[in-house]
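In what follows, a single structure is set out as structure tokens and then discussed.
Protein chains in written order, with our numbering: chain H, 795 to 910; chain X, 107 to 220.
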């Protein structure tokens, strides 16, 4: 079974540019999550999509946005890039959300975004 | 609000020695608990989880953890570590029925020495 796949592996941008990160979930998983792992800040929740809808959002500015496509893959877009956006962005997927949130999230290897 | 505290940022240990990585959490509501492992240049791999039932849970690679509700702890242990266990370990919680977001601790770097 293929795991969560993310592309690109590395992305280099300059301040003010826009970045698009992509994620394909495990087959059968409908929920996709995005996390940021920045040096000194740890792992922080960004966004959760399920069945094409944004279900929850972390404490990040609106220039962080995304979407989920009908095939459940997802994009994370970061506009007006700032130096502090440099981080490893991790995507995770899980089976359909249940009332009790008990489906474990499975992670991809991430996209390392570097802002020059 | 909830928070997760991993008491040790680094744990050096010799090969074949036992190890315990500590995790405490605070939450006003019930949570599910997880440990993830991150090897260099990789994403997170689920090590083990506690959802309900027996407070002792077994995971991959010989790790096990015990949920202690009164002490709000979820420490993970391994009786004999290998060089290949060298990695970053993250404790995480999800508030039940409240948005599916994992809240992570700061991580513990396990360094196994020969």
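We put the CB at the ideal spot given by N, CA and C, even for glycine.
Under the DSSP assignment, residue 885 of chain H falls in the beta strand (DSSP E) whose first and last residues are 881-888.
Residues of chain H whose Cβ lies closer than 8 Å to the Cβ of residue 173 of chain X do not exist, since the nearest Cβ in that chain is about 14 Å away. Between residue 188 of chain X and residue 812 of chain H, the alpha-carbon positions lie close to 43 Å from each other. For the stretch 848-869 of chain H, residues whose beta-carbon sits nearer than 8 Å to a beta-carbon of chain X comprise 849, 850 and 852. Under the DSSP definition of a beta bridge, residue 200 of chain X partners with X/138. For residue 114 of chain X, no beta strand (DSSP E) segment is defined, and its DSSP state is neither H nor E. Residue-level contact check: residue 116 of chain X does not touch chain H, since none of the beta carbons of chain H fall below 8 Å from its beta carbon. When secondary structure is reduced to three states using DSSP, residue 205 of chain X falls in the coil class, being assigned neither helix nor strand. In this structure, DSSP gives residue 878 of chain H a helical state, which the three-state scheme calls helix.
Residue environment analysis places residue 806 of chain H among the exposed positions, since fewer than 16 neighbouring C-beta atoms fall within 10 angstroms of its C-beta. Taken through DSSP and simplified to helix, strand or coil, residue 190 of chain X comes out as helix.
Short of 7 Å from the beta carbon of residue 850 of chain H, and not among the five residues preceding or following it, lie these beta carbons of its own chain, in chain order: 842. Comparing alpha carbon positions, the residue from X/144, X/150, X/175 and X/146 closest to residue 162 of chain X is X/175. Remark: C-beta atoms of residue 198 of chain X and residue 142 of chain X approach each other more closely than 8 Å. In this structure the stretch 144-152 of chain X does not lie against the stretch 169-183 of chain X, because fewer than three pairs of beta carbons, one per stretch, are closer than 8 Å.
One Cα belongs to residue 111 of chain X, the other to residue 133 of chain X, and the distance between them is close to 12 Å. By the neighbour-count criterion, in which a residue is buried when 16 or more other Cβ atoms sit within 10 angstroms of its Cβ, residue 207 of chain X is buried. Under the rule that a run must span 4 or more residues, no alpha helix (DSSP H) segment is found entirely inside the stretch 822-873 of chain H. Look at residue 909 of chain H here: in three-state DSSP terms it is strand. When rounded, the separation of the alpha-carbon atoms in residue 126 of chain X and residue 170 of chain X is 10 Å. Residue contact with chain H for residue 167 of chain X: absent (no Cβ-Cβ distance below 8 Å to any residue of chain H). Contacts with chain X at 8 Å (Cβ-Cβ) do not include residue 828 of chain H.
Pairing residue 145 of chain X with residue 798 of chain H, the inter-Cα distance amounts to about 16 Å. Considering only X/196, X/217 and X/157, the residue with the shortest C-alpha distance to residue 210 of chain X is X/196.
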